[in-house]
Each structure stands twice: as C-alpha cells, then as structure tokens.
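181 is the number of the first residue of the first sequence in the numbering used here; add one for each residue after it. The structure under discussion appears below in the form of structure tokens.
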Amino acid sequence: MNWKLDSTYIQIIPPKEFDFQECLVFLNRSNQELLHQMKDGHIYKLLKIDESLILVKLGYENHMIKVEFPYHQPSEESCRKVAEYVWEWFDLDSDLAGFYEMAAKDKVLNKMAQQYYGLRILCIPDLFEALIWAIIGQQINLTFAYTLKRRLIEHFGESLTVNGDTFWLFPSYKKIASIDLEDLKKLQFTGRKAEYIIGIANSMKNEEITKESLLLQQDNQKIVKSLTAIRGIGPWSADYVMMKCFHSITSFPIGDVGLQNALKNRLGMERKPTVEEMKKLAENWEGWEAYATFYLWRSLYE
DNA sequence: ATCCAGGAACTGT
DNA sequence: ACAGTTCATGGA
C-alpha cells in the first residue's frame, strides 16, 4: 500500500494503470445504490472502522486519490484502516501491465482495454456484503437485485445524516442473524434466498466463516471449495466473491449471463456463446480471466 | 402476455 | 457423475 497521511486528509498513490473517472463510471451504474454517492466528481461513502462511523470523500488530484473526512477526523490508526479499505476497494494491489499486454493482442479485449484503460475491478472488501450481494444477484435481473439490496439496507443497515444527506452502511451479519425469514420475505426476497442470507449471517456470527480464516488457506482453489460448501453459494457466486473480495485475478464466472451477453454483443453473434466457445476464447486470457470478465461487464453499460 | 434474469439445491437415475 | 426440476419474482 502506497499512501501518505496529512493533518486533515489522506493521499493514496495508485499504480500507473489507474483511471479514477473510469472507476466512477462503473460505480455510478445504478441510481438505487445506497452504499456510496457521487457529487461533483467526488465519491462519498460511509465506513465503520473500530465501531465508529467515518464518512469519507474521495477525489482525484495530482495523480493521487485524496481522501477527506467531512464528518469528523479519525485517529491516525483509523486513517490507516481507511486507506487500506480504499486500496482494496479499487483493487490497487493488482499490477495490470500484464493484462494490457495480453489484451493488446486479443481480438475481443483489444478495443475495450484501450477504451476503459485504468478501470480496475471495483471490489467488495467486506466478506458478508460480498456473499449476500452474490446471493441477491442470483437468477434475477440487475435492476430488481438493486431494489432488494436497497430494501435490505434501508431496513437493517445503519445510517448517518450529515447536512440533510443520508449515508448508509451495509447491514452487519449480527443484525441479519437476529431477524426472521418473514422479515426478508416481506421485502420480496424468495424463501430460499432468505434462508441462505440468514444462514450465512449466523455462520459468520458464530465465526464458522471469516475472511481471515479463508485467507489462511493455501491457494484460491481451496478458498473456492470452502465457499461452495456454504449453502447458497455455488460455482458462480464463489467465483464472484473470489473476484470482488479476495482479489483473485484468475477467477472466471463462466456461467454468468451478463458475461455471455457481453461476448454475444462484442462478437456480433445471434445467440449467446456456449460454455465451450467461452473456454476457447478464454484460453488467451489465462491469468487475467477476472479482469477480462470485468471489462466485459463494463461493456454492457455502453 | 411472455420470456428470462449477473444460479443453486434438490431429486431421480 | 449427470440431467431434469423447483424455486418464485419483477423487469423489459
């Protein structure tokens, strides 16, 4: 992590392959998003660090991400944790030089890599949020998925109101572990999804699932195996969580309908590609499957 | 109306 | 191992 602490703000120095505006485009894809807000080219997001609420304002100046604190100034130790969160959020540890080198020679990715240069996978550092968002997104359209997420947050998340603007946190697993199936069904969650979500909240409350213990596993394959052992988490969700929470650049959610549609569009096909056709295309992406996927998802918002 | 959506568990062979 | 079925609702 490359960062500096000033008296009233933090500066984060991203790697060369980074474009703040491109990341903003992706973050702005739903007008139902409650977990961050855009205003005048800045991102506002509420975080909870060491049990205290911290509102951050992110901007881009002099090739650095400037993090300000409009609500109150956190301690030096908390500032370090805020910097770590932002570093993870924008996936700043990945060195994309190899990705662009590969993409330049790839007929599918070539144009996208230039068009979206500097876009990085927008991550979900919080494991509970990543797992629940994967479950919400299963087998429903993205608009409705955002509706469900918004309802979940509004009913069970903490919020902070500053100068008339309300900022939200994703609900904690402790809170979700305490609610009933009916509470979620009332919000139009299916019974099945309500079971999965409350089940995961309880497992995390009992510390049967923690990000820390999963990170101790020797390789990504073992983490995937642990994830798919969780009820409600299948291959697609496991790969999604690997990309968005564990920074795996080789994960490839091949069953993803969005990915299939993006490829269909880019290749001018009449139908969606088959799994075999996708594997063939992905041979050239080896080592960068997650970034190829993310850029293809981005292409759906043109 | 009709199809299907950023799947997964369950059931039967 | 593998294929078929069920879940269940809103968006386009």
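Even for Gly, the Cβ is constructed at its ideal location relative to N, Cα and C. Model, not experiment: these values are computed from the prediction.
Next item on the list: Starting from the C-beta of S258, find all residues in its chain whose C-beta is less than 8 Å away, skip the five residues before and the five after it, and write them out in chain order.
Entry: Counting only Cβ-Cβ distances below 8 Å, and skipping sequence neighbours, we find I229, D230, S232, I234.
Next item on the list: Below 8 Å CB to CB, which residues in the same chain sit around N290 once its five sequence neighbours on both sides are set aside?
Entry: Here N290 has A283, A284 as same chain residues with Cβ atoms under 8 Å from its own Cβ, once five neighbours each way along the sequence are excluded.
Check: For H222, which beta-bridge partners are listed by DSSP?
Finding: K219
Notebook entry, point to check: Taking contact to mean at least 3 C-beta pairs separated by less than 8 Å, is the region 212-221 in contact with the region 338-349?
Noted result: yes
Checklist line | Residue of G371, Y353, I359, A374 minimising C-alpha distance to K391 | finding: Y353
Checklist line | Residues near G438 by beta carbon distance below 7 Å, same chain, minus five either side | finding: W477, L480
Check: What distance in whole Å lies between the Cβ atoms of Y240 and F200, which are believed to be in contact at a cut-off of 8 Å?
Finding: 4 Å
Notebook entry, point to check: Going by the C-beta, is K385 closer than 7 Å to any heavy atom of the ligand NAD?
Noted result: Here there are no bound small molecules, and the ligand NAD is not part of this structure.
Checklist line | Among N441, N464, E466, nearest to T454 - alpha-carbon criterion | finding: It is N441 whose Cα lies nearest to the Cα of T454.
Checklist line | Whole-number beta carbon distance between L361 and I378, since they are thought to touch under 8 Å | finding: 7 Å
Checklist line | CA nearest to the CA of H222, picked from V404, V288, I192, V247 | finding: V247
Item checked: Residues bridged to F347 (per DSSP) -> L340
Notebook entry, point to check: Between E482 and P305, what straight-line distance do the alpha-carbon atoms span, to the nearest angstrom?
Noted result: 27 Å
Checklist line | Nearest to E463 (by Cα), restricted to the options L447, K452, R446, F432 | finding: F432
Next item on the list: In the DSSP assignment, find the unbroken alpha helix (DSSP H) run with M508 in it and report its ends.
Entry: Since the first and last residues shown for the chain are 181 and 482, residue 508 lies out of range.
Next item on the list: Just confirm the distance between the C-beta atoms of F426 and I403, as a whole number of angstroms; I'd bet it's less than 8 Å.
Entry: A Cβ-Cβ distance of about 6 Å is found for the pair F426 and I403, placing them in contact under the 8 Å criterion.
Note to self: I need the boundaries of the alpha helix (DSSP H) containing G298, first residue and last residue.
What the structure shows: From DSSP, G298 is part of no alpha helix (DSSP H); its letter is neither H nor E.
Check: DSSP three-state call for E288: helix, strand or coil?
Finding: In the sequence under discussion, the amino acid at residue 288 is Val, which differs from the Glu named in the question. Here V288 sits in coil by DSSP.
Note to self: Whole angstroms are fine: how far does the CA of I429 sit from the CA of T473?
What the structure shows: 10 Å
Next item on the list: Identify every run of the alpha helix (DSSP H) within the region 226-291, keeping only runs that are complete inside it and at least 4 residues long; order them along the chain.
Entry: Segments of the alpha helix (DSSP H) lying fully in the region 226-291: 256-269, 277-284.
Margin query: By the DSSP assignment, the alpha helix (DSSP H) with Y420 in it spans what residues?
Written below: 415-424 is the extent of the alpha helix (DSSP H) around Y420.
Check: Under the three-state reduction of DSSP, which class applies to Y326: helix, strand or coil?
Finding: helix
Notebook entry, point to check: Which whole-angstrom value is the C-beta distance of L461 and V288, which I expect to be below 8 Å?
Noted result: 6 Å
Item checked: Per-residue DSSP class, three states only, for Q191 -> strand
Note to self: Is it buried or exposed, F369, if we count other Cβ atoms within 10 angstroms and call 16 or more buried?
What the structure shows: buried
Next item on the list: Report yes if the CB atom of F198 is closer than 8 Å to the CB atom of G278, and no otherwise.
Entry: no
Next item on the list: Just the C-alpha distance for E202 and I193, rounded to the nearest angstrom, thanks.
Entry: 17 Å
Note to self: Cutting at 6 Å between CB atoms, please list the residues of its own chain near D286, excluding the five before and the five after it.
What the structure shows: N464
Next item on the list: With L185 as the anchor, note down where its alpha helix (DSSP H) starts and where it stops.
Entry: No alpha helix (DSSP H) contains L185, which is instead part of the beta strand (DSSP E) from 183-185.
Next item on the list: Measure how close the beta-carbons of A325 and I316 come, nearest whole angstrom, since I'm counting them as under 8 Å.
Entry: 5 Å
Checklist line | S274, buried or exposed, once every other Cβ within 10 Å from all chains shown has been counted against 16 | finding: buried
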